[in-house]
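Chains C and D are the protein sequences, given in the same order.
The numbers in numbering that gives the first Met the number 0 rise by one with no breaks, and the one at position 89 of the first sequence is 88.
The numbers in numbering that gives the first Met the number 0 rise by one with no breaks, and the one at position 35 of the second sequence is 34.
Notes for the one structure printed next.
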Amino acid sequence: MAGGVRTRIKLPDTAAAGEIITIKTQVTHLMETGHRLDSAGLPMPRSIIHRLHCTFDGETVVDVDLRPGISTNPFFEFDARVTRSGLFEFAWYDDDGSVYTASEAVTVT
Amino acid sequence: MRLTRRTLMTIAGAAWAGRWGTARAQPVEPDAEQVIAEFVGNAPVRTGGIALQLPDVAEDGHRVRAEIDAPGAREVLLVAPANPVKAVVSVEFGEMAVTHRVATRIRLAGPQEVVALGRMPDGSVQKVTHRIDVLVGGCG
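Rendered as structure tokens:
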């Protein structure tokens, strides 16, 4: 699943000090549950993204433990209070060992 | 140890049995009660301190929006008792996640009572459930 994975982040570029902002994230991934059979009737092995870790200047915002019950192209929305300018970093951990990353800076005005 | 035909046969047999064993063994999925009990531990369980937003009816169980609002919670867990894997997602909130809110899209295998649990700073666990009807199952 390492090829063709795209990440999408939506959050404001600027915020007032102390403002609570909403962060939306999505990554393209099949999230193969491990419970389906292929056309030959053989079980298809589980292949999912099992962790999403969002940090702000190194400090955890959310740490998400995903299981096969999360839909294809995992989407997560959450909030963060920003008190200073900094960098949001996102890391998605694939079962196959790949790590997909993205980052977005926020400027406090 | 001298390598005799007998020891070789024993080793080969054991290796084959081991391979067979792992190839056949299905990982045992804990049931919903076990998943919930593991999260709760010895903590007191209360209801009503957190909110779980789900539709009452989902036409397509492949993607159902679920939102947990857990003011104050350090960690939340979503459990779908009718799914093959009961634990759906757990989220730890850092200091900045002051609303303790998370929304995502989940798979639901069929009609069921979805459970959300939140671990509060005082160590107690808040619980909320939501009954949902699913027209087309999304697991499998």
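Built from N, CA and C at the ideal position, the CB exists for glycine as well.
Given 8 angstroms as the limit, is there contact between the region 50-63 of chain D and the region 34-42 of chain D, that is, 3 or more CB pairs closer than that? no
Looking at the unbroken alpha helix (DSSP H) that takes in Glu32(D), where does it start and where does it end? Counted from its first residue, the second sequence places residue 32(D) at position 33. Start and end: Ala31 to Val39.
Please name the residue, chosen from Thr6(C), Ala15(C) and Lys23(C), that lies closest to Ala102(D) on a Cα-to-Cα basis. Residue mapping note: residue 102(D) aligns to position 103 of the second sequence, counting from 1. Per the Cα distances, Lys23(C).
Pro67(C) vs Val26(C) beta-carbon contact at 8 angstroms: Here residue 67(C) corresponds to residue number 68 of the first sequence, with the count starting at 1. Here residue 26(C) corresponds to residue number 27 of the first sequence, with the count starting at 1. In this structure, Val26(C) does not lie closer than 8 angstroms to Pro67(C) by Cβ.
Contact set for Leu65(C): own chain, Cβ-Cβ below 7 angstroms, skip 5 residues either direction: To locate residue 65(C), count along the first sequence from 1; it is residue 66. These residues qualify, in order along the chain: Ile47, Ile48, His49, Arg50, Leu51 and Pro73.
Residues near Glu88(C) by beta carbon distance below 6 angstroms, same chain, minus five either side: Within the first sequence, the letter at position 89 stands for residue 88(C). Cβ neighbours of Glu88(C) beyond the five flanking positions: Thr54 and Ser102.
Skipping 5 residues on each side, what residues in its chain have a beta carbon closer than 7 angstroms to that of Pro120(D)? For the purposes of this step, residue 120(D) is identified with residue 121 of the second sequence, where counting begins at 1. Counting only Cβ-Cβ distances below 7 angstroms, and skipping sequence neighbours, we find Gly71 and Arg73.
Helix, strand or coil for Asp12(C), going by three-state DSSP, please let me know. What you label residue 12(C) is simply residue 13 of the first sequence in a count that begins at 1. In the structure shown, Asp12(C) falls within a coil segment according to DSSP collapsed to helix, strand and coil.
Give the residues from the region 69-90 of chain C that approach chain D closer than 9 angstroms (Cβ to any Cβ), ordered along the chain. Ile69, Ser70, Thr71, Asn72, Pro73, Phe74, Phe75, Glu76, Phe77, Asp78, Ala79, Arg80, Val81 and Thr82
Should Arg23(D) be flagged as near chain C, meaning a C-beta pair shorter than 8 angstroms? As a working note, residue 23(D) is residue 24 in the second sequence. Any reading at Arg23(D) is ruled out, since the residue's pLDDT is 46, under 50, leaving its predicted position unreliable.
If you follow the beta strand (DSSP E) that Leu77(D) is in, where does it begin and where does it stop? As a working mapping, residue 77(D) is identified with position 78 in the second sequence. From DSSP, the beta strand (DSSP E) with Leu77(D) extends over Glu74 to Val78.
Taking only beta-carbon positions, decide if Asp94(C) is within less than 8 angstroms of chain D. Taking the first residue of the first sequence as position 1, residue 94(C) is located at position 95. Answer no: the Cβ-Cβ gap between Asp94(C) and chain D never drops below 8 angstroms.
Where do the ends of the beta strand (DSSP E) carrying Ser89(D) lie? As a working note, residue 89(D) is residue 90 in the second sequence. Counting along the chain, Ser89(D) sits inside the beta strand (DSSP E) bounded by residues Ala86 to Phe92.
Under 6 angstroms Cβ to Cβ from Ala69(D), same chain only, skipping five residues before and after it: list those, please. Locating residue 69(D) in the second sequence gives position 70, where the first residue counts as 1. Counting only Cβ-Cβ distances below 6 angstroms, and skipping sequence neighbours, we find Ile49, Val75, His99 and Gly117.
If we ignore side chains and look at the alpha-carbon of each, how far apart do Glu76(C) and Val61(C) end up? Residue numbering aside, residue 76(C) sits at position 77 when the first sequence is read from its first letter. Residue numbering aside, residue 61(C) sits at position 62 when the first sequence is read from its first letter. If I take the Cα positions, the gap works out to 10 angstroms.
Determine, using beta carbons only, whether Val60(C) comes closer than 8 angstroms to chain D. If you number the first sequence from 1, residue 60(C) lands on position 61. Cβ-Cβ to chain D under 8 angstroms: yes for Val60(C).
Chain C within 8 angstroms of Val87(D), Cβ atoms only: As a first step, residue 87(D) must be located in the second sequence, where it is residue number 88. It does: the Cβ of Val87(D) has a partner Cβ on chain C nearer than 8 angstroms.
8 angstroms Cβ cutoff, Ile105(D) in contact with chain C: Here residue 105(D) corresponds to residue number 106 of the second sequence, with the count starting at 1. Chain C contact via Cβ: present.
Asp78(C) classed as buried or exposed, judged by whether at least 16 other C-beta atoms fall within 10 angstroms: The residue given as residue 78(C) occupies position 79 in the first sequence. That one is buried.
In three-state DSSP terms, what is Ala90(C)? The residue labelled residue 90(C) in the question sits at position 91 within the first sequence. In the structure shown, Ala90(C) sits in a strand (DSSP, three-state: E or B).
Determine whether the Cβ of Ala102(D) lies closer than 8 angstroms to any Cβ atom of chain C. In the second sequence, counting from the first residue as 1, residue 102(D) sits at position 103. True, the Cβ-Cβ gap to chain C drops below 8 angstroms.
Would you identify the three-state DSSP class for Leu65(C), choosing helix, strand or coil? Walking along the first sequence from the start, residue 65(C) turns up at place 66. Residue state, collapsed to three classes: strand.
Taking Asp30(D) as the reference, which of Gly47(D), Lys85(D), Glu66(D) and Ile67(D) has the closest Cα? By 1-based counting over the second sequence, the position of residue 30(D) is 31. Ranking the options by Cα distance to Asp30(D), first place goes to Lys85(D).
Using a Cβ cut-off of 9 angstroms, pull out every chain C residue sitting near Val97(D), in sequence order please. Stepping through the second sequence from its first residue, residue 97(D) is reached at position 98. What Val97(D) touches in chain C: Ile19, Asp78, Ala79 and Arg80.
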